[in-house]
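> The sequence shown begins at 2 in our numbering and counts up by one.
Okay, handing you the structure first.
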Amino acid sequence: MTERKYNFWRALAIISTCLLLIVSGLHFFSGKGGGIDPNADPSANKETKTYLSLWNEESEAKDNLVAYMTEITDPQSADFIPVEDRIAVFDMDGTIFCETDPVYFDYRLLMHRVLEDPNYEASDFEKETVKKIQEYSETGKSSEGLEVDHGKCIASAFAGMTIEEFNDYIQEVKKLPAPGYEGMTNGEAFYKPMVEVIEYLQDNDFKVYIVSGTDRLIVRGIIDGNLSIPNSQLIGSDETIVSNHQEGEDGLEYVYTDQDSLVLGGDFLIKNLKMNKVSVIMQEIGQQPVLSFGNSTGDSSMAEYVTSNNPYRSLAFMLCCDDIERENGNIEKAEKMYKLCDEFDWVPISMKNDWKTIYGDHVKKK
């Protein structure tokens, strides 16, 4: 082979190689050579997630929620709700978390502090309030003003603790066995079907808020490690928080320094129930939610606020405590809630008939 022919074929080989590399590169970045195809279905290779699996197939409440979600997430639907306006508010006790074992977790937290904590000497007012809580747990009848008295006692009984110390205390009480159940601790007492609802909403771009009558810091402690909801979306009753060096000085005068820590101030501020829930939703969320989940008349104002004069299609769901086999239900209260749901056009959720389980099949009511 002459040198001229050799150089010709050598040049042709180089050009062919370059062309092959260019074509391969285009092929790769178009998504056909192992890269990402921008036109491909993003869910094509994803495992399909099962939602609301702990709800019975014949559940009307579940059907209502699924039908609602189908409409409001469809851009072609007249009921479409933009992502930024998909806001849901949930009560906590009795809605996503046990409130009858035999009383609210925050009531039992105070009882533990006053009656069982060897390192704490309770005041007469705290002891008297705990006595009222014990009477309530035995009779089911709450004395007048107990909710506010309890809030004052939570504030005073843990005054001086840092936020971290208070949360640590809550976590320890969460580890104790749930009094009325076998196979469950205090902190595990979440209604599993309602946890599924929260996850279902979050996966459909809902921002979920907890709006509870329980102390805000206790709400944070209960949710901690159980649900993926940030503290900024956990709302509850409030007590003062101050600097450990403030010593009563007005917050407009005192200046926080790098030597300070935040501690519980000892004063109760507000019980977040009924109309107060509506007020705090506007104060902290700043817009009208489209979904509400509650279980009692303490949540009625929140439910009506969500469903009244809403520019978007909205729904309010109410749990009815009609399961006396798997849960400490109350048929009389459940029947009253069913009537309210019928009157106000709320969607009732039957703990007995809508759910396959409540706390998990391994948990048994004593």
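Note that beta-carbon positions come from the ideal geometry of N, C-alpha and C, so glycine has one too.
Note that the coordinates shown come from a computational prediction; the quantities given were computed from them, not determined experimentally.
State the start and end residues of the unbroken beta strand (DSSP E) segment that holds T71.
Within the sequence shown, the letter at position 70 stands for residue 71. Note, T71: premise wrong, no beta strand (DSSP E); alpha helix (DSSP H) at 61-73.
> Would you give the residue range spanned by the alpha helix (DSSP H) that P194 belongs to?
By 1-based counting over the sequence shown, the position of residue 194 is 193. Looking at the DSSP string, the run of the alpha helix (DSSP H) that includes P194 is 193-204.
> Do you know offhand how far K63's Cα is from F81's?
As a working note, residue 63 is residue 62 in the sequence shown. As a working note, residue 81 is residue 80 in the sequence shown. Cα to Cα, the separation comes out at about 19 Å.
> On the DSSP letters alone, give me the boundaries of the beta strand (DSSP E) that A240 sits inside.
The sequence position of residue 240 within the sequence shown is 239, counting from 1. With the sequence shown as reference, residue 240 is identified as Glu, and Ala is not the correct amino acid for it. E240 -> beta strand (DSSP E) spans 235-244.
> Starting from Y210, follow the beta strand (DSSP E) in both directions and report where the run begins and ends.
Reading the sequence shown from its first residue, position 209 is the one you call residue 210. Start and end: 208-216.
> According to the neighbour-count rule (16 or more other Cβ atoms, all chains shown, within 10 Å of its Cβ), is M303 buried or exposed?
Locating residue 303 in the sequence shown gives position 302, counting from the first residue. Classification of M303: buried, given that the 10 Å Cβ count is 16 or more.
> Quick check on DSSP: helix, strand or coil for C322?
On the sequence shown, residue 322 is found 321 positions in, with the first residue counted as 1. Residue state, collapsed to three classes: coil.
> Among the residues of its own chain, which have a CB less than 6 Å from the CB of T308, if the five just before and after it don't count?
Within the sequence shown, the letter at position 307 stands for residue 308. Contacts found: S315, A317.
> Ignoring anything shorter than 3 residues or poking outside the segment 67-143, list the beta strand (DSSP E) runs there in chain order.
88-91
> Which value, in whole angstroms, describes the spacing of the CA atoms of S157 and D268?
As a first step, residue 157 is located in the sequence shown; it is residue number 156 there, counting from the start. As a first step, residue 268 is located in the sequence shown; it is residue number 267 there, counting from the start. Between S157 and D268, the C-alpha separation is close to 7 Å.
> Evaluate A335 with the Cβ neighbour count: other Cβ atoms within 10 Å of its Cβ, from every protein chain shown; 16 or more gives buried, anything less gives exposed.
Working through the sequence shown from its first residue, we reach residue 335 at position 334. Burial call: buried.
> Tell me where the alpha helix (DSSP H) around G152 begins and ends.
Within the sequence shown, residue 152 is the residue found at index 151, counting from 1. In this chain, the alpha helix (DSSP H) harbouring G152 covers 147-158.
> Distance, Cα to Cα, Y170 vs Q288?
For this step, residue 170 is matched to residue 169 along the sequence shown. For this step, residue 288 is matched to residue 287 along the sequence shown. Rounded to the nearest angstrom, the two C-alpha atoms are 34 Å apart.
> Closest to M93 by CA distance: which of L274, A123, N331, I332 is it?
Taking the first residue of the sequence shown as position 1, residue 93 is located at position 92. Of the candidates L274, A123, N331, I332, the one whose C-alpha sits nearest the C-alpha of M93 is L274.
> Roughly how many angstroms lie between the CA atoms of Q172 and H151, to the nearest whole one?
Residue numbering aside, residue 172 sits at position 171 when the sequence shown is read from its first letter. Residue numbering aside, residue 151 sits at position 150 when the sequence shown is read from its first letter. Their Cα atoms are separated by approximately 20 Å.
> Give me, in chain order, the residues of the same chain whose beta-carbon lies closer than 7 Å to that of F167; leave out the 5 immediate sequence neighbours on both sides.
As a position in the sequence shown, residue 167 is number 166, starting the count at 1. The answer, listed in chain order, is F159, L218, L265.
> Check whether the Cβ atoms of V149 and K128 lie closer than 8 Å to each other.
For the purposes of this step, residue 149 is taken as residue 148 along the sequence shown, with counting starting at 1. For the purposes of this step, residue 128 is taken as residue 127 along the sequence shown, with counting starting at 1. Contact flag unset, no.
> I'd like the span of the beta strand (DSSP E) that includes D268, first residue to last.
In the sequence shown, residue 268 corresponds to position 267, counting from 1. D268 -> beta strand (DSSP E) spans 263-271.
> Helix, strand or coil: how does DSSP classify T186 here?
As a first step, residue 186 is located in the sequence shown; it is residue number 185 there, counting from the start. In this structure, T186 counts as strand in the three-state DSSP scheme.
> Starting from A317, follow its DSSP beta bridges and name the residues at the other end.
The count along the sequence shown starts at 1 and reaches residue 317 at position 316. The partner list for A317 (beta bridge, DSSP) reads S293.
> Does the segment 91-110 come close enough to the segment 207-223 to have 3 or more Cβ pairs within less than 8 Å?
yes
> Taking 8 Å as the threshold (C-beta atoms), are V209 and F91 in contact?
On the sequence shown, position 90 is the one that residue 91 refers to. On the sequence shown, position 208 is the one that residue 209 refers to. For F91 and V209, yes; Cβs fall inside 8 Å.
> Enumerate in chain order the residues of its own chain whose CB-to-CB distance from I73 is below 7 Å, with the five nearest sequence positions on each side excluded.
Mapped onto the sequence shown, residue 73 falls at position 72. D80, F81, I82, R314, listed in sequence order.
> So, N57 versus K357, is the Cβ gap smaller than 8 Å?
Within the sequence shown, numbered from 1, the residue matching residue 57 stands at position 56. Within the sequence shown, numbered from 1, the residue matching residue 357 stands at position 356. Yes; because the gap between Cβ atoms is below 8 Å, this pair is in contact.
> Use the C-beta contact count for K381: other C-beta atoms within 10 angstroms, 16 or more gives buried, fewer gives exposed.
Absent from the structure is residue 381, since the part of the chain shown begins at 2 and ends at 367.
> Whose C-beta lies closer than 8 Å to the C-beta of N245 among residues of the same chain, with five residues either side of it excluded?
Residue mapping note: residue 245 aligns to position 244 of the sequence shown, counting from 1. G161, T163, D261, S262, L263, V264.
> According to DSSP, is T258 helix, strand or coil?
For this step, residue 258 is matched to residue 257 along the sequence shown. Coil at T258, not helix or strand.
> Look up V348 in the DSSP assignment and give the residues it is bridged to.
Within the sequence shown, numbered from 1, the residue matching residue 348 stands at position 347. DSSP, once it has assigned bridges, lists F318 as partnering V348.
> So, with DSSP's three-state summary, where would you put K337?
As a first step, residue 337 must be located in the sequence shown, where it is residue number 336. Reduced to three states, the DSSP call for K337 is helix.
> Is the beta carbon of I236 sitting closer than 8 Å to the one on I211?
Here residue 236 refers to the residue found at position 235 when the sequence shown is read from its first residue. Here residue 211 refers to the residue found at position 210 when the sequence shown is read from its first residue. Contact flag set, yes.
> Put Q278 into one of helix, strand or coil per three-state DSSP.
Residue mapping note: residue 278 aligns to position 277 of the sequence shown, counting from 1. Reading off the sequence, residue 278 comes out as Lys, not Gln. DSSP, read as helix, strand or coil, puts K278 in helix.
> Along the alpha helix (DSSP H) that carries T308, what are the first and last residues, could you check?
Residue mapping note: residue 308 aligns to position 307 of the sequence shown, counting from 1. For T308, the enclosing alpha helix (DSSP H) stretches over residues 301-308.
> Can you say whether F126 is buried or exposed, counting buried as having 16 or more other CB atoms within 10 angstroms of its CB?
Counted from its first residue, the sequence shown places residue 126 at position 125. The residue is exposed, with fewer than 16 neighbouring Cβ atoms inside 10 Å.
> Output needed for C342: all residues of its chain with C-beta closer than 8 Å, excluding positions within five of it in sequence on either side, in chain order.
Here residue 342 refers to the residue found at position 341 when the sequence shown is read from its first residue. Taken in chain order, the residues that qualify are M319, C321, V348, P349.
> Buried or exposed: N311, going by 16 or more other Cβ atoms within 10 Å of its Cβ?
Within the sequence shown, residue 311 is the residue found at index 310, counting from 1. Exposed: under 16 other Cβ atoms inside 10 Å.
> Using 8 Å as the threshold, is the C-beta distance between I88 and P290 below it?
The sequence position of residue 88 within the sequence shown is 87, counting from 1. The sequence position of residue 290 within the sequence shown is 289, counting from 1. Cβ atoms of I88 and P290: closer than 8 Å.
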